Amino acid sequence: MDYGLDKKTTSLKTFNTIFIIVWLLIACFPFIWTFWGSFKVRADFFSRSDWWYAISAFNTLIETGGKFTTNAYSQAWTEGEFWKASKNTVIVTIFVVSISLFLGTLGAYALSRSTRNYAFWLLILALIFRAMPHITLVSGYLFPFFELQIWGILPTTIVVLVAINQPFTLWLLYSFFKTVPRELDESALIDGCSYFQTFRHIIMPVMWPGVITAGLFSLMLAYNDFTVTALLLNQENHTMVPKIQSYLGTNQHEGNLMWAVSSVVSATAPLFILVMFFQRQIISGLTAGAIKG
Amino acid sequence: MPNKTFFWFFLPTGLAMILFIGLPIISTGIQSFYAQHDQIVKEVKKCDPFGCTVSIVVDNEETSKIREAKPLGKFNGFGTYTDRNHLAVDEIRKFWNETDSFGAFIDQVTNLPFYKALIFTLTYCLFVTPNVLLLGFVIALSLNAVARKIRGPLIFGTILPMIVTPLVGSLVLFWMIDSQGIIGANIQNLMNDPYLSLKSSKTLTWITIIIYGIWHHSPFAFVVFYAALQTVPQEPVEAAIIDGASRFQRIKHIVLPHIYPVVTFVALISLMDNFRVFEPIIGFSAEGSAQSLSWLIYDNLVNEEVILFGSAAATSIMTIVGIAILLAPVLIRTWKEFRIAR
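The listed protein sequences correspond, in order, to chains U and B.
Note that my numbering numbers the first sequence so that position 55 is 47, with each residue one more than the last.
Note that my numbering numbers the second sequence so that position 81 is 101, with each residue one more than the last.
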């Protein structure tokens, strides 16, 4: 309870307000600026002569006749085949999220209900796996995948992303399952439920907040991944992030850099909307592991 | 839970992790001992009215035949580890003997690709991690002092840099900092130097990537610290106020000790993440002046002619060793605590 003991001086309050405003500007302005710039032509957003063109839309006015243009978007989505990339991202994301939650809830439930030593060691092993840089794993995949001829297709990438995602999902769900009292399981077991029935009908219904949080993190991993998708998928199957990178590679073409700008906006917007709605769950997920362990 | 039930519950996730995290590490280990085949050459005798010449050409047929027969390449032992692109044992010995001063020796060594990347990776970790902790903590303290009603939107704005993928985050910054972007152009005007740009200077590139790292990771530290601040008990803080402790003293003696375990957690996670820095190098197109260990692996794997599996694998194994060294203190501590708890 606040008794009003902690009196802040006016200068401290002012300083605090200024600091927050400056920080928010640093954190958000790049995104606002990119969003703004994506509706301009390249000569304005990457102006050689005067950066003010990005605001006054000097060249955009000449080239398109309006202050704003959606050319970059329409070209990237059609000519640049960004629609295909986003379709692939949707497929990958849906499968990765559902499979990782299925595997993760089962495993984490077992870990949280076991009193043996090996449960502890498995968690430590998961932590070590979590620390592996993804690119080192990819360098292990490439050769066997070429040999087995399963390189380049979406299912392989989905399975790999699920596996890479498991350690974090396990830790997160483990800390959530720990908060569900054991008495709940025990009473169900005494009433004659099997372990799986207990898990399915008693524990899962009260676990939804945890499952949503874990799902969000799996989604962000699959959606944002670059290392795995760039190296394990062929051109045809590329998801959004490697697609954006491929627009950068061919700088000679006039429109391409603006394609990258508009695709960055297209790819980021759904993520921001999602975070806006699920902010609470994301924060609880990031802190679950930290505060309790 | 009985062992058998545990086994069946854990089997799917365990299998996934063994197959796609455990085995790849082993596969990387095996690959690191092999190197791609040399091209097979043959002598071709060409005769014309002025005499015969013998020229050496690549025998494409034979080369592809042996590549198909032994796709893993030829056995190379520790050869890849010690070659010029990795630990460069011979080169270092040579530099040691040939250079007169220690400074010149260090200069030579840090020009070798592996050591160059190692130094960048370590510098990045060394500068980013403490600053992330500091900035995250200050933002958390600062937001904690704001009225509850407006905190939601402020938190949303604060975590934006964290939720976008590093490639997108670095691109968004790069487009502003680049010489044709809003910040870059203004700095050029301010300094009155039309040739000042990110790519022109190695130091500038490093600083930019480090600033990007702080920008990207601070929100994570913020979120965790912010949550930890909510759990700080109020009574000791109030007692300290009555005893006349200043704000700084209260933070130092009450708040910090309370959230200390969380600080180590954040430090560990951000150290692990910073050690694998890779995407910003692509985003800032900074390959020329900044290479990290992960980037070296990526570069080997996207090699145009033939993928350098062995070279990538050797760098990977050494990166894993680096991670192990970083993690060792934490693991040892956990193990000790675990033994005491038993």
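For glycine and all other residues, C-beta sits at the position ideal for the given N, C-alpha and C.
Treat the numbers as computed from the prediction; the structure is a model and nothing was measured.
With 16 other CB atoms within 10 Å as the buried threshold, where does residue i fall?
i               : result
M2 of chain B   : The first residue shown for chain B is 21 and the last is 362, placing residue 2 of chain B beyond what the model contains.
H193 of chain U : exposed
M196 of chain B : buried
E324 of chain B : exposed
K235 of chain U : buried
R113 of chain B : exposed
Q273 of chain U : buried
E228 of chain U : exposed
K32 of chain U  : buried
Y232 of chain B : buried
M379 of chain B : A query on residue 379 of chain B cannot be resolved here, the shown segment of chain B reaching from 21 to 362 and no further.
T62 of chain U  : exposed
R270 of chain B : buried
I127 of chain U : buried
Y45 of chain U  : buried
N117 of chain B : exposed
P22 of chain B  : exposed
M268 of chain U : exposed
G264 of chain B : exposed
G156 of chain B : buried
T107 of chain U : exposed
G172 of chain B : exposed
Which residue or residues does DSSP assign as beta-bridge partners of residue i?
i               : result
V203 of chain U : Partner(s): none; V203 of chain U has no beta bridge.
A55 of chain B  : B:K94
G144 of chain U : U:L225
T107 of chain U : Answer is none; T107 of chain U lacks a bridge partner.
S221 of chain B : S221 of chain B is not bridged to any residue.
C67 of chain B  : B:C72
V77 of chain B  : B:K62
Could you tell me how far apart the beta carbons of residue i and residue j are, in whole angstroms, since I believe they sit closer than 8 Å?
i               : j               : result
T184 of chain B : I234 of chain B : Correcting the residue identity first, residue 184 of chain B is Val in this sequence and not Thr. Actually they are not in contact, since the Cβ atoms of V184 of chain B and I234 of chain B sit about 15 Å apart, beyond 8 Å.
V297 of chain B : Y54 of chain B  : About 28 Å; that fails the 8 Å criterion.
P22 of chain U  : L193 of chain B : 6 Å
S210 of chain U : L93 of chain U  : 7 Å
T6 of chain U   : Y215 of chain U : 40 Å between Cβ atoms; not a contact.
I170 of chain B : A123 of chain U : In fact, because the Cβ distance is near 37 Å, the residues do not count as touching under 8 Å.
A167 of chain B : L132 of chain B : That belief does not hold up - the Cβ atoms of A167 of chain B and L132 of chain B are roughly 56 Å apart, past 8 Å.
T148 of chain U : L224 of chain U : 6 Å
G5 of chain B   : L16 of chain U  : Because chain B in this structure spans residues 21 to 362, residue 5 of chain B falls outside the shown range and cannot be described.
S66 of chain U  : V257 of chain U : At roughly 13 Å, the Cβ-Cβ gap does not stay under 8 Å, so S66 of chain U and V257 of chain U are not in contact.
F304 of chain B : I229 of chain B : 6 Å
F169 of chain U : S104 of chain U : 4 Å
If I measure Cβ to Cβ from residue i and keep anything under 7 Å in the same chain, skipping five residues before and after, which residues do I get?
i               : result
A332 of chain B : I317, N320, L321
V198 of chain U : V172
T119 of chain B : F125, Q128
A306 of chain B : T225, I229
Residues in the same chain with beta-carbon distance under 6 Å from residue i, minus the five sequence neighbours each way, listed in chain order, please.
i               : result
S217 of chain B : S199
V151 of chain U : none
H278 of chain B : V252
H237 of chain B : V152, S290
M212 of chain U : none
G207 of chain U : V89, L93
N226 of chain U : G144
V64 of chain B  : S75, V77
T102 of chain B : V109
A137 of chain B : Q311, S312, L313, L316
V233 of chain U : F218
A100 of chain U : L162, L165, Y166, F169
Starting from the C-beta of residue i, find all residues in its chain whose C-beta is less than 8 Å away, skip the five residues before and the five after it, and write them out in chain order.
i               : result
N96 of chain B  : F53, Y54, A55, G330
L249 of chain U : R34, F38, Y239, L240, N243
E299 of chain B : T185, P186, L187, S190
W75 of chain U  : W69
P201 of chain U : F168, Q273, S276
D293 of chain B : H237
Exercise. According to a CB-to-CB cut-off of less than 7 Å, which residues of the region 205 to 218 of chain U neighbour chain B?
Worked result: Taking a C-beta cut-off of 7 Å against chain B, the contacting residues of the region 205 to 218 of chain U are M212, N216, F218, listed in chain order.
Problem set entry | Interface residues of the region 108 to 120 of chain B facing chain A [CB-CB below 9 Å] | No chain A is present in this structure, whose protein chains are U and B.
Exercise. According to a CB-to-CB cut-off of less than 7 Å, which residues of the region 181 to 200 of chain B neighbour chain U?
Worked result: Cβ contacts with chain U: P181, I183, V184, T185, L187, V188, L191, V192, L193, W195, M196, Q200.
Exercise. Closer than 8 Å, Cβ to any Cβ of chain U: which residues of the region 277 to 300 of chain B, in chain order?
Worked result: Listed by position along the chain: V282, F285, V286, M292, F295, R296, F298, E299.
Problem set entry | Selection of the region 88 to 102 of chain U by Cβ proximity to chain B, strictly under 7 Å | Under the 7 Å Cβ criterion, the region 88 to 102 of chain U contributes L95, G96, L98, G99, Y101, A102.
Exercise. Which of the residues in the region 13 to 28 of chain U, read from start to end, lie with their CB under 8 Å from any CB of chain B?
Worked result: The region 13 to 28 of chain U vs chain B, Cβ under 8 Å: W15, L16, I18, A19, C20, P22, F23, W25, T26.
Exercise. Which residues, in chain order, does the region 229 to 263 of chain U contribute to contact with chain B at a C-beta distance below 8 Å?
Worked result: Listed in sequence order: V233, I236, Q237, L240, A252, V253, V256, A259, T260, L263.
For this session: Identify each residue in the region 322 to 352 of chain B for which the Cβ-Cβ distance to at least one residue of chain U is less than 9 Å, and report them in chain order.
Result: For the region 322 to 352 of chain B, the beta-carbon criterion of a distance under 9 Å to any beta-carbon of chain U is satisfied by V322, I327, F329, A332, A333, T335, S336, I337, T339, I340, I343, A344, L346, L347, V350, L351.
Exercise. At a Cβ cut of 9 Å, what residues of the region 127 to 141 of chain U count as close to chain B, listed as they run along the chain?
Worked result: Hits within the stretch, in order: I127, T128, L129, V130, S131, G132, Y133, L134, F135, P136, F138, E139.
Exercise. In chain order, what residues of the region 50 to 63 of chain B put their CB closer than 7 Å to some CB of chain U?
Worked result: Flagged, chain order: Q51.
Exercise. Which residues, in chain order, does the region 137 to 164 of chain B contribute to contact with chain U at a C-beta distance below 8 Å?
Worked result: Listed in chain order, the positions of the region 137 to 164 of chain B with a beta carbon within less than 8 Å of a beta carbon of chain U are V158, I159, S162, L163.
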